[in-house]
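Asks:
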Amino acid sequence: MENIDNFVIQPTEAHTHTIIILHGRDSVASEFAGELFESQASDARTLPEIYPGFRWVFPNSSMLRSKRFDTEMSQWFDMWSTEHPHDKEEMSRAGIETAVARMTDLVKQESKAVSLDHIFLGGISQGSAVGIHTLLRSELQVGGYMGFCTWLPFHDEIQHQTRTIKTPIFLAHNKDDEVISVENGEQMREALQHIGLEVTWREYEEGGHWFNEPKGIDDVVAFLARCGVSSRNRSATASQSTG
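826 is the number that my numbering gives to position 103 of the sequence shown; each next residue is one higher, with no gaps.
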């Protein structure tokens, strides 16, 4: 189900959790969701098969003009360079603030259906950058945050601010990511650890600017388990598909 703002995949069983996950720059929610749901764990299952009680919310970014390329493009905020995402960073501030306000409202809306600790927030690349700022600025105590192939805008400012949230963080990055280098992910990890957050860091040899398969999907499942989320076991999935 898609509207202008969000692409939503409803749970196939009783609703237990909601994941809000943001696409990257120059992408759209439905495309991102389709590609993510093709990704498989080591047992060949997809995330919706592992978590039938999840409601998946994929927000759509706005079409914003790129100052560097002088064209409209799908992006959460304008930025000068993905190769060096901290370059001319001030141009990103207003867009990040707008996106964070929208995501904060979305989390609050979703919390009417399930409690905050049953909501997970995350994203890939630029979407993940918005997600982590939403978590840090709103200080909403959600169940967890998952960031993939990303960086932390304004990391110097973040490191000098006091935070009260204790949300567990999962960060994953591929060494062969040629869009956002793994060094940016490492810098983000260090900044979040500096302010006292618990960060699970996973680094993979390959996978490019995307989710590593299958180990990366396995690690997502393991992280969610540590956050208290139960998954459907493989035998139950197989029984349902043949029954």
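In this text, a Cβ means the ideal position worked out from N, Cα and C, and glycines have one as well. Here the structure is a predicted model, which is why all the values come from computation and not from measurement.
So Gln733 and Ile940 are supposed to be a Cβ contact under 8 angstroms. How far apart are they, rounded?
Replies: One-based indexing of the sequence shown puts residue 733 at position 10. One-based indexing of the sequence shown puts residue 940 at position 217. Not a contact, Cβ separation roughly 21 angstroms.
Asks: Nearest to Ser789 by CA position, among Trp779, Thr805 and Pro775, is which residue?
Replies: Here residue 789 corresponds to residue number 66 of the sequence shown, with the count starting at 1. It is Thr805.
Asks: With three or more C-beta pairs closer than 8 angstroms as the rule, is the stretch 872-883 touching the stretch 760-780?
Replies: No, because fewer than three Cβ pairs between the stretch 760-780 and the stretch 872-883 fall closer than 8 angstroms, the two stretches do not touch.
Asks: The alpha helix (DSSP H) spanning Gly951 covers which residue range?
Replies: To locate residue 951, count along the sequence shown from 1; it is residue 228. No alpha helix (DSSP H) contains Gly951, which DSSP labels as neither H nor E.
Asks: Say whether the stretch 908-920 touches the stretch 936-953, bearing in mind that this needs 3 or more beta-carbon pairs closer than 8 angstroms, one atom from each stretch.
Replies: No: the two stretches stay apart, fewer than three of their Cβ pairs being nearer than 8 angstroms.
Asks: Using a threshold of 7 angstroms, state whether the C-beta atoms of Ser797 and Val751 are closer than that.
Replies: Residue mapping note: residue 797 aligns to position 74 of the sequence shown, counting from 1. Residue mapping note: residue 751 aligns to position 28 of the sequence shown, counting from 1. Against a cut-off of 7 angstroms, the Cβ pair of Val751 and Ser797 comes out as a contact.
Asks: As an exercise, report each continuous alpha helix (DSSP H) stretch of at least 4 residues that is fully enclosed by the stretch 877-927, in chain order.
Replies: For the stretch 877-927, whole alpha helix (DSSP H) runs of length 4 or above, ordered along the chain, are 878-881 and 905-917.
Asks: Work out the CA separation of Phe755 and Gly818 for me, nearest whole Å.
Replies: On the sequence shown, residue 818 is found 95 positions in, with the first residue counted as 1. On the sequence shown, residue 755 is found 32 positions in, with the first residue counted as 1. So the alpha carbons of these two residues sit roughly 21 angstroms apart.
Asks: Would you tell me roughly how many angstroms separate the C-alpha atoms of Ser954 and Val944, rounded to the nearest one?
Replies: Looking up residue 954 in the sequence shown gives position 231. Looking up residue 944 in the sequence shown gives position 221. Distance between the alpha carbons of Ser954 and Val944: 8 angstroms.
Asks: Any idea which residues DSSP pairs Tyr868 with across the strands?
Replies: As a first step, residue 868 must be located in the sequence shown, where it is residue number 145. According to DSSP, Tyr868 bridges with Leu844 and Ile892.
Asks: Considering only their Cβ atoms, is the gap separating Gly870 from Ile881 smaller than 7 angstroms?
Replies: Counting from 1 along the sequence shown, the entry for residue 881 is found at position 158. Counting from 1 along the sequence shown, the entry for residue 870 is found at position 147. Going by C-beta atoms, Ile881 is not nearer than 7 angstroms to Gly870.
Asks: Return the chain-ordered list of same chain residues with a C-beta closer than 8 angstroms to the C-beta of Lys898, the five sequence neighbours on each side being excluded.
Replies: The count along the sequence shown starts at 1 and reaches residue 898 at position 175. Only Val905, Glu926, Tyr927, Glu928 and Glu929 meet the Cβ criterion.
Asks: Assuming the contact rule is C-beta atoms closer than 8 angstroms, Asn729 and Phe777 should be a hit. Round their C-beta distance to whole Å, please.
Replies: The residue given as residue 729 occupies position 6 in the sequence shown. The residue given as residue 777 occupies position 54 in the sequence shown. Not a contact, Cβ separation roughly 15 angstroms.
Asks: Less than 7 angstroms separating the beta-carbons of Ala914 and His883?
Replies: For the purposes of this step, residue 914 is taken as the residue at position 191 of the sequence shown. For the purposes of this step, residue 883 is taken as the residue at position 160 of the sequence shown. Not a contact, by the Cβ cut-off of 7 angstroms.
Asks: Do Ser861 and Thr885 come within 7 angstroms of each other at the CB atom, strictly closer than that value?
Replies: For the purposes of this step, residue 885 is taken as residue 162 along the sequence shown, with counting starting at 1. For the purposes of this step, residue 861 is taken as residue 138 along the sequence shown, with counting starting at 1. No. Outside cutoff.
Asks: Is it buried or exposed, Ser851, if we count other Cβ atoms within 10 angstroms and call 16 or more buried?
Replies: Indexing the sequence shown from 1 puts residue 851 at position 128. Buried.
Asks: Could you give the DSSP three-state label for Arg778: helix, strand or coil?
Replies: Counting from 1 along the sequence shown, the entry for residue 778 is found at position 55. Looking at Arg778 - three-state DSSP - the assignment turns out to be strand.
Asks: Identify which residue in Pro891, Val865 and Ile744 has its Cα closest to the Cα of Trp799.
Replies: As a position in the sequence shown, residue 799 is number 76, starting the count at 1. Checking every option, the nearest Cα to that of Trp799 belongs to Ile744.
Asks: Using a threshold of 7 angstroms, state whether the C-beta atoms of Pro771 and Phe760 are closer than that.
Replies: Within the sequence shown, the letter at position 48 stands for residue 771. Within the sequence shown, the letter at position 37 stands for residue 760. Contact flag set, yes.
Asks: What is the rounded straight-line gap between the Cα of Leu863 and the Cα of Ile888?
Replies: Within the sequence shown, the letter at position 140 stands for residue 863. Within the sequence shown, the letter at position 165 stands for residue 888. Looking at the two C-alpha atoms, the distance is approximately 7 angstroms.
Asks: For Phe730, which of helix, strand or coil comes out of DSSP?
Replies: On the sequence shown, position 7 is the one that residue 730 refers to. Three-state result, Phe730: strand.
Asks: At what residues does the beta strand (DSSP E) containing Glu806 begin and finish?
Replies: Within the sequence shown, residue 806 is the residue found at index 83, counting from 1. Run containing Glu806: none; DSSP gives neither H nor E here.
Asks: Spatial neighbours of Glu725 within its chain, please: CB distance less than 6 angstroms, with the 5 preceding and 5 following residues excluded, ordered by chain position.
Replies: For this step, residue 725 is matched to residue 2 along the sequence shown. Confidence at Glu725 is low in this model, with a pLDDT of 47, below 50, so the placement of that residue should be treated as unreliable; the coordinate-derived value is given next. The answer, listed in chain order, is Ser753.
Asks: From Val853 to Ser838, what does the alpha carbon distance come to, in whole angstroms?
Replies: Here residue 853 refers to the residue found at position 130 of the sequence shown. Here residue 838 refers to the residue found at position 115 of the sequence shown. Cα to Cα, the separation comes out at about 22 angstroms.
Asks: Tell me which residue opens and which closes the alpha helix (DSSP H) that Leu759 is part of.
Replies: The residue given as residue 759 occupies position 36 in the sequence shown. Segment Ala752 to Leu759, the alpha helix (DSSP H) holding Leu759.
Asks: Given a cut-off of 7 angstroms on the beta-carbon distance, is the pair Trp803 and Ile742 in contact?
Replies: The residue labelled residue 803 in the question sits at position 80 within the sequence shown. The residue labelled residue 742 in the question sits at position 19 within the sequence shown. Contact: no.
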